[in-house]
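Take a look at the structure set out below.
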Amino acid sequence: MVHFVGAGPGAPDLITLRGAELLKTADVVIYAGSLVNPALLELCRADCEIRNSAEMTLEQVLSAMEAAEQAGKTTVRLHTGDPCLYGAIREQMDALDALGIPYDDTPGVSSFCGAAAAARAEYTLPEVSQSVVITRMAGRTPVPEGESIAAWARHGASMVVFLSAGMLEGLQAELLKGAYTPATPAALVYKATWPEEKVVRCTVGTLAESGREHGISRTALVLVGNFLEPDYERSKLYDPTFTTLFREASQ
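At position 92 of the sequence shown the residue is numbered 91 (numbering that gives the first Met the number 0), and the sequence of numbers has no breaks.
Set out below in structure tokens:
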């Protein structure tokens, strides 16, 4: 059996209970060494075989999974955050289907959630934004036509940009092609939930400058949108003048 497990955003105590138990019982762990906090590996048994997938190709990862399965061993494939976002798990799952190897998927806390917590922010605020765009800049790996940063920026919604901290000049220029202005609030969240976490608040117009000033060029998320401003409308959910399924309006 292969268990895909989301490791969470960084802090070792932010892995799920299920994910932690799977790590404790695994015979083989293949972890994304470039991003997963190695402190999580302390949960593994002393005799667990641990492989760093940052040094492996897809074919090598699959070969290790297949060898473990043939030996009757249980494998944990440990991905950063939640593997449904930029985790490259679909290609692994399809290959396991072809090999007849069973697997399941244990979700994790995504780094975009950790970034909001670090920034003390809520992405969805009444009368400000009710949508969150999770995307990335096109780099060596392209993005589908119609999903450019400039195209998404037209909506002016809350935006979280992954895998783009090394392209802040280009990202800033693309964001300004949409509904955002140079004064639109933004934040760089470096290694959210890790001990070295850093939140740099800026604007879209100062995004690249802020990255240079603070030495942030990787392992950071870019948050963009008016949800970072202090102004918003109170939620109707707890408004005493608003009737819900569970409570009558009191005024």
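By construction, the Cβ of each residue, glycine as well, lies at the ideal position given by its N, Cα and C atoms.
- The three-state reading of DSSP puts residue 120 in coil, since its state is none of H, G, I, E or B.
- Residue 132: member of the beta strand (DSSP E) spanning 131–135, first to last residue.
- Going by beta carbons, residue 4 and residue 63 fall outside the 9 angstroms limit.
- Rounded to whole angstroms, the separation of the alpha carbons of residue 228 and residue 76 is 39 angstroms.
- Judged by beta-carbon spacing, residue 8 lies within the 9 angstroms limit of residue 79, meaning their Cβ atoms are closer than that value.
- In this structure, the beta-carbon distance from residue 158 to residue 222 falls below 9 angstroms.
- If you look at residue 96, you'll find it in the alpha helix (DSSP H) that goes 89–98.
- Within its own chain, the residues whose Cβ lies closer than 8 angstroms to the Cβ of residue 151, once the five positions on either side in sequence are excluded, are 132, 134, 158 and 177, listed in chain order.
- A direct Cα-Cα distance of roughly 27 angstroms separates residue 52 from residue 214.
- Residue 105 has 4 as its beta-bridge partners, per DSSP.
- Contact between the stretch 90–98 and the stretch 41–51 is absent: fewer than three C-beta pairs spanning the two stretches fall below 8 angstroms.
- For the stretch 141–175, the continuous beta strand (DSSP E) assignments of 3+ residues that do not extend past its boundaries occur at 157–161, in sequence order.
- The Cβ neighbour count for residue 12, taken over all protein chains shown within 10 Å, is under 16; the residue is labelled exposed.
- Counting C-beta pairs with one atom in each stretch, the stretch 197–216 and the stretch 236–250 have fewer than three that are closer than 8 angstroms, which means they do not touch.
- DSSP, reduced to helix, strand and coil, places residue 45 outside both helices and strands of the structure shown, so it counts as coil.
- The beta carbon of residue 74 lies closer than 6 angstroms to those of 1, 27, 64 and 67 in the same chain, with the five residues before and after it left out.
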